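Below is one structure, written out as structure tokens; the observations come after it.
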Amino acid sequence: MAHHDHKPLTTDLIDLDHEPETKPEAIEQLLDLAVDAGRVNDREQALTDLHAREKEATTGVGMGIGIPHAKSSAVEAPTIAFTRSSEGIDFDAMDDEPATLIFMLLVPAAGGEEHLQMLSSLSRSLMHEETRTALQKAESPERVESIILEAVEQ
Amino acid sequence: MIERTITVVPEDGLHARPASQVVEAANSYESKVTVGPAGSDGVDAASMLAVTGLGVGPGDEVDITADGPDEEAAIDDLEEILTTPEHGDNGEEQ
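Protein chains in written order, with my numbering: chain A, 6 to 159; chain B, 54 to 147.
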């Protein structure tokens, strides 16, 4: 795995205080976290790329999980952002289960296949009910950070 | 049960549109359908999360299986999706 100056996820990219109510709102909110953390240099471009990917096929992968993601020239470094919804929001998932755990994955355009590795590691980890429960119950961004970093580093 | 080993053709591998086509197809048959890297245990092809977790790319070999009353049709459908270049609107299909 390539080395970077930053971990893909830091606590400022985790928002447990504001629950998005719709899928577009979740995407905007998570992108804002990445922009505020200085990881995206062109918000509009990143949003366009996220929506283009979403249009191709929904990132509502079922089991209550949404993982909007994009490889984008607007992105400075591989980034994960996270928020939750206690009631769940419609993420166009094929199993119709509302998303309660929402992740955003952003990688630079030059990132090769790295984003797909991050995406598949995260997905594999989220297959386990204990990972999903731990994320739903985590009470601090620090706890969320350690669960997710452990998941993507496997 | 039927099992076939195929090489994944779509440029996105088992991600994005091809992945959602696989999951949609797997959900439309009564048979249980699995997909996984050649030589190892497959995952439930009806689960988008499971399929995304495979991290299968273009050119990778995968084993697909179907088991049930409509297994023949199911496996044919899956094979077709995984061996057909993507018909994107960017003209990049081979």
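Using N, Cα and C, we set each Cβ at its ideal position, and we do this for glycine too. From a predicted model like this one, the values you see are computed outputs, not experimental measurements.
#1: Opposite residue 113(A) in the DSSP bridges: which residues?
#2: Determine which residues of the segment 30-56 of chain A have a Cβ less than 8 Å from any Cβ of chain D, and write them out in chain order.
#3: For chain A, is any of its Cβ atoms less than 8 Å away from the one on residue 73(B)?
#4: Since residue 77(A) and residue 34(A) are thought to touch, with beta carbons under 8 Å apart, how far apart are those beta carbons, to the nearest angstrom?
#5: Hey, how far is the Cα of residue 8(A) from the Cα of residue 117(A)?
#6: Assign residue 114(B) to one of three DSSP states: helix, strand, or coil.
#7: Give me the chain B residues within the contact set of residue 61(A), using Cβ-Cβ distance strictly less than 9 Å, ordered along the chain.
#8: Can you say whether residue 105(A) is buried or exposed, counting buried as having 16 or more other CB atoms within 10 angstroms of its CB?
#9: Give me the Cβ distance between residue 116(B) and residue 60(B), rounded to the nearest whole Å; I'm assuming they're in contact under 8 Å.
#10: Closest to residue 41(A) by C-alpha separation, out of 120(A), 54(A), 20(A) and 150(A), would be which residue?
#11: Is residue 20(A) helix, strand or coil when you go by DSSP?
#12: Given this structure, state the Cα-to-Cα distance separating residue 62(B) from residue 68(B), to the nearest angstrom.
#13: Does the beta carbon of residue 144(B) come closer than 8 Å to any beta carbon on chain A?
#14: What does the alpha-carbon distance come out to for the pair residue 120(A) and residue 83(A)?
#15: Grouping DSSP H, G and I as helix and E and B as strand, with all else coil, what is residue 121(B)?
For this structure:
#1: Counting from 1 along the first sequence, the entry for residue 113(A) is found at position 108. Residue 113(A) is bridged by DSSP to 77(A).
#2: The structure shown contains no chain D; its protein chains are A and B.
#3: Here the question's residue 73(B) lines up with position 20 in the second sequence. Taking 8 Å as the threshold, the shortest C-beta distance from residue 73(B) to chain A falls below it.
#4: Translated into positions along the first sequence, residue 77(A) becomes position 72. Translated into positions along the first sequence, residue 34(A) becomes position 29. 17 Å between Cβ atoms; not a contact.
#5: Position 3 of the first sequence, counting from 1, holds the residue named residue 8(A). Position 112 of the first sequence, counting from 1, holds the residue named residue 117(A). The predicted model places residue 8(A) with a pLDDT of 42, which falls under 50 and marks its position as unreliable, so this point remains unresolved.
#6: Looking up residue 114(B) in the second sequence gives position 61. Strand at residue 114(B).
#7: Position 56 of the first sequence, counted from the first residue, corresponds to residue 61(A). Result: 65, 69, 70, 73 and 141.
#8: By 1-based counting over the first sequence, the position of residue 105(A) is 100. Residue 105(A) should be labelled buried.
#9: Counting from one through the second sequence, the residue named residue 116(B) turns up at place 63. Counting from one through the second sequence, the residue named residue 60(B) turns up at place 7. Distance from residue 116(B) to residue 60(B) at the Cβ level is roughly 11 Å; contact not present, criterion being Cβ atoms closer than 8 Å.
#10: Walking along the first sequence from the start, residue 41(A) turns up at place 36. For residue 41(A), the nearest C-alpha among the options comes from 20(A).
#11: Stepping through the first sequence from its first residue, residue 20(A) is reached at position 15. Residue 20(A): strand per DSSP, three-state reduction.
#12: Here residue 62(B) corresponds to residue number 9 of the second sequence, with the count starting at 1. Here residue 68(B) corresponds to residue number 15 of the second sequence, with the count starting at 1. Rounded to whole angstroms, the separation of the alpha carbons of residue 68(B) and residue 62(B) is 12 Å.
#13: Position 91 of the second sequence, counted from the start, is the residue given in the question as residue 144(B). The predicted model places residue 144(B) with a pLDDT of 43, which falls under 50 and marks its position as unreliable, so this point remains unresolved.
#14: On the first sequence, position 115 is the one that residue 120(A) refers to. On the first sequence, position 78 is the one that residue 83(A) refers to. Each residue's alpha carbon lies about 8 Å from the other.
#15: Numbered from its first residue, the second sequence carries residue 121(B) at position 68. It is coil, neither helix nor strand.
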